[in-house]
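These notes are about the structure you will find just below.
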Amino acid sequence: MGRLQTFDSTTVVQSARDVFWDLGYEGASLADLETATGLNRSSLYHAFGSKRGLFDAAVADYRNTVIRPRLSLLEAPDAGRDTLLAYFDRLREAIAALPLDSPRRGCLLVNCATGLATHDEPAREVVEGYRTELAAALGNALAGAGSPADRTEERVRTLASLSMSAMLLARVNATESAALLSTAADQVRAWLPV
């Protein structure tokens, strides 16, 4: 009979998530993960199968606890111009709230998975899945704001690109990242005047 799990999986996954966010997938050693989670590698492998399994669990947790709650505002039936502006303002505020030396700047998905995406199909799918979710949410809010249907796809692409670029840049230049998010908000105002 196997041993019973005596740890909280959510806590372990979120502790590992912070290590991956700080160090990247390839930079995170098993020793780093053991220290952060309080589990030995045997327990980590038993619970998650591999370092990659733990990373995948951390990414899923991040999508469910960070990304999707933010996107839910844009996905609401009454989302529109003000929702778009609030979304970009909140991203800018989140970046500004972190100390400049914090390794957890930007988006975990963009920061970690982008490094893997060139040679790792599952990582590429994570980044593409995020881009698809973001685009759908932005499209919903643009439609709710009265954006002309024939311009919405182009506008979604512009806003999604600015958003993802800002999240990538946040890791190295928070000021420029915030400027990109301000540009996105200014673009919304130009497209959808009051």
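Be aware that the sequence shown starts at 1, since it is given in the UniProt record's numbering, and climbs by one per residue. All C-beta atoms in this analysis are idealised placements derived from N, C-alpha and C, irrespective of residue type, glycine included. All figures in this text were calculated on a predicted structure; none of them were measured in a lab.
Buried versus exposed call for residue 206 [16 or more other C-beta atoms within 10 Å across all chains shown] = Nothing about residue 206 can be read from this structure; the chain reaches only from 1 to 194.
task = With a threshold of 16 other CB atoms inside 10 Å of the CB of Asp8, please say whether the residue is buried or exposed.
result = By 1-based counting over the sequence shown, the position of residue 8 is 8. Exposed, since its Cβ has fewer than 16 Cβ neighbours within 10 Å.
request  = Could you tell me if the beta carbon of Ser29 falls within a distance shorter than 7 Å of some heavy atom in the ligand NAP?
outcome  = As far as ligands go, the structure on display features none, and thus does not contain the ligand NAP.
Ranges of the alpha helix (DSSP H) found wholly within the UniProt domain "HTH tetR-type" (6-66), counting only runs of at least 4 = 9-23, 30-37, 41-48 and 51-62
Leu85 beta carbon less than 8 Å from that of Val156 = As a working note, residue 156 is residue 156 in the sequence shown. As a working note, residue 85 is residue 85 in the sequence shown. Going by C-beta atoms, Val156 is not nearer than 8 Å to Leu85.
ask   = Thinking C-alpha only, which one of Lys51, Gly129 and Thr152 is nearest Asn140?
value = Position 140 of the sequence shown, counting from 1, holds the residue named residue 140. Nearest C-alpha to Asn140: Thr152.
inquiry  = Tell me the DSSP secondary structure of Ser102 in three-state form.
reply    = Walking along the sequence shown from the start, residue 102 turns up at place 102. Ser102 falls in the coil class under three-state DSSP.
message = I'd like to check one pair, Ala174 with Arg105: are the Cβ atoms closer than 8 Å?
response = The count along the sequence shown starts at 1 and reaches residue 105 at position 105. The count along the sequence shown starts at 1 and reaches residue 174 at position 174. Contact: yes.
key: Proximity below 8 Å, CB of Leu181 to CB of Arg81   = Position 181 of the sequence shown holds residue 181. Position 81 of the sequence shown holds residue 81. Not closer than 8 Å, so no.
inquiry  = Less than 8 Å between the C-beta atoms of Leu192 and Gly144, yes or no?
reply    = For the purposes of this step, residue 192 is taken as the residue at position 192 of the sequence shown. For the purposes of this step, residue 144 is taken as the residue at position 144 of the sequence shown. Taking 8 Å as the Cβ cut-off, Leu192 and Gly144 do not qualify as a contacting pair.
message = For Leu100, tell me which candidate among Glu176, Leu39 and Tyr45 has the shortest Cα-Cα distance.
response = For this step, residue 100 is matched to residue 100 along the sequence shown. Nearest option by C-alpha distance: Glu176.
query = For Val13, does the count of other Cβ atoms within 10 angstroms reach 16, so buried, or fall short, so exposed?
reply = Looking up residue 13 in the sequence shown gives position 13. Its Cβ being crowded by 16 or more others within 10 Å, Val13 is buried.
Identity of the residue in Ala170, Ala160, Ala185 and Leu54 nearest Asp32 by Cα = Along the sequence shown, read from residue 1 onward, the residue named residue 32 stands at position 32. Measuring from the Cα of Asp32, the nearest candidate turns out to be Leu54.
Expected contact under 8 Å - CB spacing of Leu73 and Thr83 to nearest Å = Within the sequence shown, the letter at position 73 stands for residue 73. Within the sequence shown, the letter at position 83 stands for residue 83. Rounded, the Cβ-Cβ distance is 6 Å, consistent with contact.
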